[in-house]
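**Student:** Just so we're aligned, residue -16 is where the sequence shown starts under the numbering used here, counting upward by one.
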Amino acid sequence: MIANNIFKKRFFVIANLIILLLCSKTLLGQSGVYPKNLEEIMNIKLKKSWATQIIENSMRSINIKEGNRLSNYINSLNKSTPAKPLQSMFLIYDIEVDDHLGHNVWTIEPKKDMSEKVVIYLHGGSYTYNFMAPHWWFISSIVDNIRAKVIAPDYPLAPEYNVTHVFDMLVKLYTELIKTVDPKNISIIGDSAGGGMSLAFGQLLLEKGLPQPEQLILLSPCVDVTLTNPEIIEFDKDDPLLNIDSILEAGKNYAGPLDRTHFLVSPIYGKLIGLAPISLYVGTHDLLVADCRKLNCMANDLGIDFSYYEYEGLFHVGMLYPTPEGSEIRKEILADLND
């Protein structure tokens, strides 16, 4: 109990730091949109902003990478704070919630001047926890800049549910949506676990003969929950956040009755030909970058429409953080969505 309380206090220190950075004026750091040649990627360096260094150093100083304490906090967070948009968002946007699919589906849209674009946002969280503030901040930026309707499903979470329940809900959601919305106006975007989920979603639509969306955008995606890529160990040294054992445990819970190499669980093992155009954003201080590079090489070999953006020194889902690097990457993502 004492350890858990200490962790909560430390977690909120980081949360407050992030909010402080969001409100402060920071110098813009360099960001990199990297070529597909692996050798060139390895040789490009990125100067970190002080904001990113502070956040990463804070993560390391409180050992947030320690999986068990983080998992305990996540479980308590789920029970005490069910997914709901930030209170301020209800004043700015038109927000509706529907639960006829068994779980809440949030719809957030601008009060006026709405475009025809619809974005399905699949949040991250190791398949086990729900929306957090950075997700809602990013959703707000999509609505503000693209004038799009954002659909944010509060999909079933492990370990109570598994991947079969998640995609049962998502396919029903998509099938209903395309009755009134042209798939060419739909983008599917997700971060971390939700990033891998977004790729698997496109693969499942392909398997079922349903139309592809306009594009798939993957942010620091987990595309292989087996973590068998030997290069992961090298990147793990620089990752201040993710814990290999915790990811493996989360992947097993999420897989449920399916093998962990099933494409719905680990989409790197699924079909890539025939999918909507894919954009992937990831950093080198993220152990998941090893599999992202592998996926990029596979896509290049197949000659599919696949854009790969890698940022030197960026940690896991760093594009969602209120840092100069995060701000620049979000601009690129929003440009993708607006194309």
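Positions of the beta carbon are idealized from the N, C-alpha and C atoms, including for glycine. Only a predicted model underlies this, so the values are computations on that prediction, with no experimental measurement involved.
1) Mind checking which residues open and close the beta strand (DSSP E) that includes valine 93?
2) Using C-beta distances below 8 Å, list every residue in its chain close to glutamine 195, excluding the 5 sequence neighbours before and after it, in chain order.
3) Do you know offhand how far asparagine 283's Cα is from phenylalanine 289's?
4) Would you report the Cα separation of leucine 69 and valine 88, rounded to the nearest angstrom?
5) Could you check whether valine 102 and isoleucine 161 sit closer than 9 Å to each other, using their CB atoms as the reference points?
6) Cβ atoms of asparagine 226 and lysine 48: under 9 Å apart, would you say?
7) Mind listing, in chain order, the continuous alpha helix (DSSP H) runs of no fewer than 4 residues lying wholly within the region 206 to 264?
8) What is the rounded straight-line gap between the Cα of lysine 95 and the Cα of methionine 72?
9) According to DSSP, what are the bridge partners of leucine 202?
10) I'd like to know whether the C-beta atoms of leucine 271 and serine 181 end up nearer to each other than 9 Å.
11) For proline 93, which residues of its own chain have a beta-carbon under 7 Å away from its beta-carbon, when the five flanking residues on both sides are left out?
12) In this structure, how does DSSP classify serine 290 when only helix, strand and coil are distinguished?
13) Identify whether proline 142 lies in helix, strand or coil by the three-state DSSP scheme.
14) Who are the Cβ neighbours of leucine 140 in its own chain at under 6 Å, not counting the five residues just before and after it?
15) Under 8 Å by Cβ, that's how I've got histidine 268 and proline 223 pegged, so tell me the actual separation to the nearest angstrom.
16) Give the secondary structure of isoleucine 122 by DSSP, where H, G and I count as helix, E and B as strand, and everything else as coil.
17) In this structure, does DSSP put leucine 189 in helix, strand or coil?
18) According to DSSP, simplified to helix, strand and coil, what is proline 166?
19) Between methionine 152 and the rest of its own chain, which residues show a CB-CB distance below 7 Å, the 5 nearest in sequence each way excluded?
20) Which residue's Cα is closest to the Cα of lysine 31: Glu308, Arg313, Thr163?
21) DSSP has leucine 105 in a bridge; who is on the other side?
22) Based on DSSP bridge pairs, tell me the residues matched to isoleucine 312.
23) Taking a contact to mean a Cβ-Cβ separation below 9 Å, would you say serine 249 touches valine 206 in this structure?
24) With DSSP run on the structure shown, which of helix, strand or coil describes glutamate 295?
25) Just tell me which of Ser310, Arg313, Phe298, Arg243 has its CA closest to the CA of threonine 211.
26) Would you call the CB atoms of alanine 66 and phenylalanine 114 closer than 9 Å?
27) For glutamate 39 and tyrosine 292, I'd like the C-alpha separation in whole angstroms.
28) Less than 9 Å between the beta carbons of isoleucine 251 and leucine 278, yes or no?
29) Name, in chain order, the residues that DSSP records as bridge partners for proline 136.
30) Alpha carbon to alpha carbon, how far is lysine 191 from threonine 35? Give it in angstroms, no decimals.
31) Just the C-alpha distance for cysteine 280 and alanine 273, rounded to the nearest angstrom, thanks.
**Tutor:** Taking the definition as stated:
1) Note that residue 93 corresponds to proline in the displayed sequence, not to valine. In the DSSP annotation of this structure, the continuous segment of the beta strand (DSSP E) that includes proline 93 starts and ends at 88 to 93.
2) Cβ within range, chain order: Pro166, Gly185, Leu188, Leu189, Gly257, Leu258, Ala259.
3) Distance between the alpha carbons of asparagine 283 and phenylalanine 289 is about 8 Å.
4) Here the C-alpha atom of leucine 69 lies approximately 15 Å from the C-alpha atom of valine 88.
5) Result no, Cβ atoms of isoleucine 161 and valine 102 do not sit closer than 9 Å.
6) With contacts defined as CB atoms closer than 9 Å, lysine 48 and asparagine 226 qualify as a contacting pair.
7) Those alpha helix (DSSP H) runs which fall completely within the region 206 to 264 and span 4+ residues are 215 to 219, 227 to 238.
8) Spanning the two alpha carbons is a distance of roughly 15 Å.
9) In the DSSP output, where bridge partners are listed per residue, leucine 202 has Asp174, Tyr264.
10) Cβ distance not < 9 Å, so leucine 271 and serine 181 don't count as in contact.
11) Closer than 7 Å at the Cβ level, and outside the excluded window around proline 93, lie Tyr76, Val126, Arg130.
12) Three-state result, serine 290: strand.
13) Reduced to three states, the DSSP call for proline 142 is coil.
14) Excluding sequence neighbours, leucine 140 sits near Thr111.
15) Right, the Cβ-Cβ distance comes to about 7 Å (below 8 Å), so this counts as a contact.
16) Correct three-state label for isoleucine 122: helix.
17) Residue state, collapsed to three classes: helix.
18) Correct three-state label for proline 166: helix.
19) Counting only Cβ-Cβ distances below 7 Å, and skipping sequence neighbours, we find Leu84, Gly85, His86, Pro136, Tyr138, Pro139.
20) Of all alpha-carbon atoms in Glu308, Arg313, Thr163, the one lying nearest the alpha-carbon of lysine 31 is that of Glu308.
21) The secondary-structure analysis by DSSP pairs leucine 105 across a beta bridge with Gly173.
22) Beta-bridge partners assigned by DSSP to isoleucine 312: none are found.
23) With contacts defined by Cβ atoms closer than 9 Å, serine 249 and valine 206 form a contacting pair.
24) The answer is strand: DSSP assigns glutamate 295 an E or B state.
25) Comparing Cα-Cα distances from threonine 211 to each of Ser310, Arg313, Phe298, Arg243, the minimum goes to Arg243.
26) At a Cβ-Cβ threshold of 9 Å, alanine 66 and phenylalanine 114 count as neighbours.
27) Cα-Cα distance, rounded: 21 Å.
28) One thing to note: isoleucine 251 has its Cβ within 9 Å of the Cβ of leucine 278.
29) In the DSSP assignment, proline 136 is bridged to Val88.
30) So the alpha carbons of these two residues sit roughly 42 Å apart.
31) Rounded to whole angstroms, cysteine 280 to alanine 273 spans 11 Å at the Cα level.
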